[in-house]
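A.B. asks:
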Amino acid sequence: MRSIRLSLVGYFLGLLALAMSGAWLLVYQSASVTLADKERVTLQLIEARYEARRATESKQLDDRLLERALALAGRVQVETDWTSLQYRTLHCLGAITTPTGPMAHLVAAPWLLQTQPRGNGREGFGLHPPALFAWEIWRLGLNSVKLNDSELLLPQGGFDREPYYQIDSNDPWTRPLRSVSLGDRSFPAPGDFAADQALHWEPDTIELTPGHEVRRVRVKASPRRLFTRLPPRFSPPRPGLSGPPRPRESFFIVLQVAADLSGLNTRLDELMAERDEEYATVRAETKSSLSRLWNRLTAIAIVTLTATVAGTFWMVWLGLLPLRRLSDAVSQVSARDFQLAVDRSNLPSELTPVVDKLVGTLAALKHAFTREKQATADISHELRTPLASILMTADLALRKDRSPAEYREMIQDCQASAKQINQTIERLLTLARLDSGVALYRPQPVDVAELAEQCAAVVRPLAEASGLGLTVTHRVSPGEARLNTDPDKLREIVNNLLHNAVQYNRPGGQIDLSVARENGHVRVEVKDTGIGIPTEVQGRIFERFFRADPSRHTDGLNAGLGLAIVKEYIDLMSGRIDVQSEEGNGTRFRVDLPVIREESNSSCR
Amino acid sequence: MRILLVEDHKPLARALRQGLEEEGYSVDWAADGADADVKARSTSYDVIVLDVMLPHVDGLTLLQNWRKDGLKSHVLILTARSTVDDKVKGLDSGADDYLTKPFELGELLARLRALIRREHQVKDPVIRVFDLEIDTSSRMVKRAGQSIALTPREYALLEFLAFHRGKVATRSMIWEHLYNEQDESTSNVVDVYIRYLRNKIDKGFDPPLILTRWGEGYMMRGET
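Heads up: the sequence lines are chains V and Y, in that order. Heads up: the first sequence begins at 1 in my numbering, then just goes up one per residue. Heads up: the second sequence begins at 1 in my numbering, then just goes up one per residue.
Encoded structure:
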């Protein structure tokens, strides 16, 4: 047996679980998509910032390198100017001494050299006569870029380590100058100085030694020389040339300044690490957000589910409360009272029909039960009283010797009582047969008027003994009241009605029995002037064991079964019986029997 | 002793009446409730034997009404209803005893005797007056050890006097208790039966037990 409560709870929870998992999935899915979008955007931002910082770092390095290079160039210029000033003084001294000494040519030599066509600036060395060797050495000394690390008191410039530099010049006598930090390494020579007019080049990255990358900046400068032509700023404007005249540079230096990339790389690595860390943070945040969301959703789902389970049980319990009240009330119904102890106004409308039906059924049951109890009492009375009479009479007869007349009387009493018992049993058996459907219906042509006369003849002595008049009226012509029916049962019906009319009559009353023909029916009426039947019980007089008079009536022959049998018989004959009665003014029973019976009913019941 | 028999079943009533009368009771019969009501209220019966299922008025209703109106007679209910509920209901309605049909005459008689003893507050079924012994159960009478044969009516008269010994029983009292409604009332019937009884009880014995109170009635000598 399934419990309504469990089924309801099951259905509801199933539905709820479905709905909740749907909602759960929806929320989780959309939240994860949103979080993934957010993560992507954040990562892009971090990437962009990283790129920007990386570029900034590189640019800063390049700027610092350029700055250093320019500073170096400036330094070289200043140093060269200083040297030049020193040697200019010497030159003045030489000019003064030339006319006065044999070595005056030595003093004039630089001027000579200066006036010579220089070509690419490297060939002149071999063209000079050996006599000028001393001059050349002097020139070398004069023109060399005199620089060393200790002289370059340059600011640190934000480098982790002192940058490398190398200064090359187009002067073949000038040795490239290298910073101490370079050691025995060197930058590649800058190539053709003159051809390249650029003052500086884009910073680039080169390998100083295999595997050792550095960032390099190259700057070209032309320091002043001891013996030069007039500087360009003193030249007169030249017609035919547009723009400022290009100075003819004959002496260049190229500064190569480089810095270890390791610092930058470290920095960049740091930045990358920072970026990766931020990446990881963002990813972890996203992941933790998702897992938090998952946990929260699951927790909400569990709490909701638990609350709903409890709520559902409570709700179903509440909903089923009226049903349980009804069930309790039903279980308290006993055979003693047949009372359904339930307040109808407190019940939901759905249960009202059930309760109404139950109350109705219980009332019918109670009625039937009471009737049955009464019937049992009646039957036992009907059987036990004559039995007591027989026993008592026999007892009495045996107490002492009696006259034959006395014995005869006693035996007659015994016989009467036995007959009464027999009659009661017969009626009970008749009803039992009717109930079990073995009562046979044997139709044959019957003249109802004739049959009525016979019955009246049987009952008349009884009626007269009670001081009653009995008349039979025929409202039919002879033969008109013939029909096909069971004469024994019809006789039983009429006899019963007549007996009732006698029993419930008043002394000096009247009984009328009439037979008539009425639209296809033969009508038998029994009318008396007796005590009548109260209106409220008229509908019940055909019930078994029902008595209009709750105490027993005088004769007690019928035990409340007579009219029940009459009704059953008339039903069997497809007839109809109705009663009209007024309390105190007599009763009229009217029996209508169809002349033509339906074939379906003519078979045995 | 006078009994009202209320029973609607004629053969049974007839047999009962005959049986009771043969025992010396005087019996009135009522066949329905209304008749029973009238008789019970007009006459003082020693015992009323009442059937429950009666025409017109139910026996129990009748009994309840009687008790309500103060009727003192003992009532023995006679009915076909034999369940405990019915017995309880019957006794609670004011009945003194209950007998279900079918029953035997002997049992009914014994119960009636018990009710009569109870009425006179006697427990011993044997009544002793001097040397007179009246066995109410076997209806045997002895005087000084000698058995005395009495007719039912003589016995009834003796029993009545014995139950009222030491007290005067008037002629009408005696009449009322010993004769039924159908007996013809003649002034000297009681005197005649007293004489018969004296002949059998007192003649040849001493002291005389049945005393005459002139102008009042008769009396049985008290124990002293």
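Virtual Cβ for every residue (Gly too), placed ideally from N, Cα, C. In this text, all values refer to a predicted model and were calculated from it rather than measured experimentally.
Quick one: does V:Arg384 have its CB under 8 angstroms from some CB of chain Y?
C.D. replies: yes
A.B. asks: Can you list the residues of chain V that Y:Leu76 reaches, using a CB-CB cut of under 8 angstroms?
C.D. replies: Ordered by position in chain V, no residue passes the 8 angstroms Cβ test against Y:Leu76, which lies about 14 angstroms from the chain.
A.B. asks: Which runs of the alpha helix (DSSP H) at least 4 residues long sit entirely within the stretch 54-121 of chain Y? Give them in chain order.
C.D. replies: 59-68, 84-92, 105-119, all fully within the stretch 54-121 of chain Y.
A.B. asks: Which same chain residues, not among the five before or five after V:Ala501, have their C-beta less than 6 angstroms away from its C-beta?
C.D. replies: Ile511, Val526, Asp528
A.B. asks: Please confirm whether Y:His120 has its beta-carbon closer than 8 angstroms to some beta-carbon of chain V.
C.D. replies: no
A.B. asks: Please specify which runs of the beta strand (DSSP E), each continuous and at least 3 residues long, are wholly inside the stretch 404-490 of chain V, giving them in chain order.
C.D. replies: 444-447, 469-474, 482-485
A.B. asks: Say yes only if the C-beta of Y:Leu150 is nearer than 7 angstroms to one or more non-hydrogen atoms of the ligand GDP, and no if none qualify.
C.D. replies: Because no ligand of any kind appears in the structure shown, any question about the ligand GDP cannot be addressed here.
A.B. asks: Using the C-alpha atoms, what's the distance from Y:Glu133 back to Y:Pro125?
C.D. replies: 10 angstroms
A.B. asks: Cβ closer than 7 angstroms: which chain V residues qualify as neighbours of Y:Phe103?
C.D. replies: Against Y:Phe103, the close residues of chain V are Ala388, in the order they occur along the chain (beta-carbon pairs closer than 7 angstroms).
A.B. asks: How many angstroms separate the CA atom of V:Ser235 from the CA atom of V:Phe252?
C.D. replies: Only weak support is given to the placement of V:Ser235: the predicted model assigns it a pLDDT of 42, under 50, and the question is left unresolved by the model.
A.B. asks: When you compare the CB positions of V:Met573 and Y:Gly19, do they come within less than 8 angstroms of one another, or not?
C.D. replies: no
A.B. asks: Please report how far the alpha carbon of V:Val472 lies from the alpha carbon of V:Leu513, in whole angstroms.
C.D. replies: Cα to Cα, the separation comes out at about 5 angstroms.
A.B. asks: Does the Cβ of V:Ala36 have 16 or more other Cβ atoms within 10 Å, making it buried, or fewer, making it exposed?
C.D. replies: exposed
A.B. asks: My output table needs one value for Y:Leu5: the three-state DSSP class, helix, strand or coil.
C.D. replies: Under the three-state reduction of DSSP, Y:Leu5 is assigned to strand.
A.B. asks: Anything in the stretch 11-35 of chain Y with a Cβ closer than 9 angstroms to a Cβ of chain V? List those residues in chain order, please.
C.D. replies: Listed by position, the residues of the stretch 11-35 of chain Y near chain V (Cβ gap below 9 angstroms) are Pro11, Leu12, Ala13, Arg14, Ala15, Leu16, Gln18, Gly19, Glu22, Ala31, Asp32, Gly33.
A.B. asks: Can you tell me the Cβ-Cβ gap for V:Val448 and V:Leu470, rounded? I've got them flagged as a contact below 8 angstroms.
C.D. replies: Between V:Leu470 and V:Val448 the Cβ distance is about 17 angstroms, and since that is not below 8 angstroms, they are no contact.
A.B. asks: Using DSSP with H/G/I as helix, E/B as strand and the rest coil, what is V:Tyr164?
C.D. replies: strand
A.B. asks: Since Y:Gly19 is in the alpha helix (DSSP H), which residue starts that stretch and which ends it?
C.D. replies: 10-22
A.B. asks: Do we get a CB-CB distance below 8 angstroms when we pair Y:Met53 with the residues of chain V?
C.D. replies: yes
A.B. asks: Between V:Tyr569 and V:Glu453, which are expected to be in contact by the criterion C-beta below 8 angstroms, what is the C-beta distance as a whole number of angstroms?
C.D. replies: Between V:Glu453 and V:Tyr569 the Cβ distance is about 20 angstroms, and since that is not below 8 angstroms, they are no contact.
A.B. asks: Unbroken beta strand (DSSP E) runs of length 3 or more, entirely within the stretch 151-211 of chain Y: which are they?
C.D. replies: 168-170
A.B. asks: Hey, quick one: how far does the beta strand (DSSP E) through Y:Ala30 stretch, first residue to last?
C.D. replies: 26-30
A.B. asks: Considering Cα atoms alone, identify which of V:Ser327, V:Leu451, V:Arg75, V:Asn170 is closest to V:Ala341.
C.D. replies: V:Ser327
A.B. asks: Put V:Asp269 into one of helix, strand or coil per three-state DSSP.
C.D. replies: helix
A.B. asks: Mark V:Tyr11 as exposed unless 16 or more other C-beta atoms lie within 10 angstroms of its C-beta, in which case mark it buried.
C.D. replies: exposed
A.B. asks: So, is the C-beta of V:Ala377 closer than 8 angstroms to a C-beta in chain Y?
C.D. replies: yes
A.B. asks: In its own chain, which residues sit with a C-beta less than 8 angstroms from the C-beta of V:Leu451, not counting the 5 before and 5 after it?
C.D. replies: Pro487, Leu490, Arg491, Val494
A.B. asks: Hey, is Y:Arg81's beta-carbon within less than 8 angstroms of any beta-carbon in chain V?
C.D. replies: By this cut-off, Y:Arg81 is an interface position.
A.B. asks: Distance, Cα to Cα, V:Thr286 vs V:Glu47?
C.D. replies: 17 angstroms
A.B. asks: Taking the alpha helix (DSSP H) that V:Pro611 belongs to, which residues open and close that run?
C.D. replies: Examination of residue 611 of chain V is not possible in this model, given that chain V is present from 1 through 605 alone.
A.B. asks: Express the C-alpha separation of V:Asn346 and V:Thr352 in angstroms, rounding to a whole number.
C.D. replies: 10 angstroms
A.B. asks: Any contact of the stretch 278-294 of chain V with the stretch 200-210 of chain V, i.e. 3+ C-beta pairs under 8 angstroms?
C.D. replies: no
A.B. asks: When DSSP labels each residue in this structure, what does V:Arg517 get in the three-state scheme?
C.D. replies: strand
A.B. asks: For the beta strand (DSSP E) containing V:Ser581, name the first residue and the last one.
C.D. replies: For V:Ser581, the enclosing beta strand (DSSP E) stretches over residues 576-581.
A.B. asks: Per DSSP, V:Lys527 forms a beta bridge with which residues?
C.D. replies: V:Asp512, V:Arg588
A.B. asks: Give me whichever residues DSSP pairs with Y:Ser147 in a beta bridge.
C.D. replies: Y:Lys142
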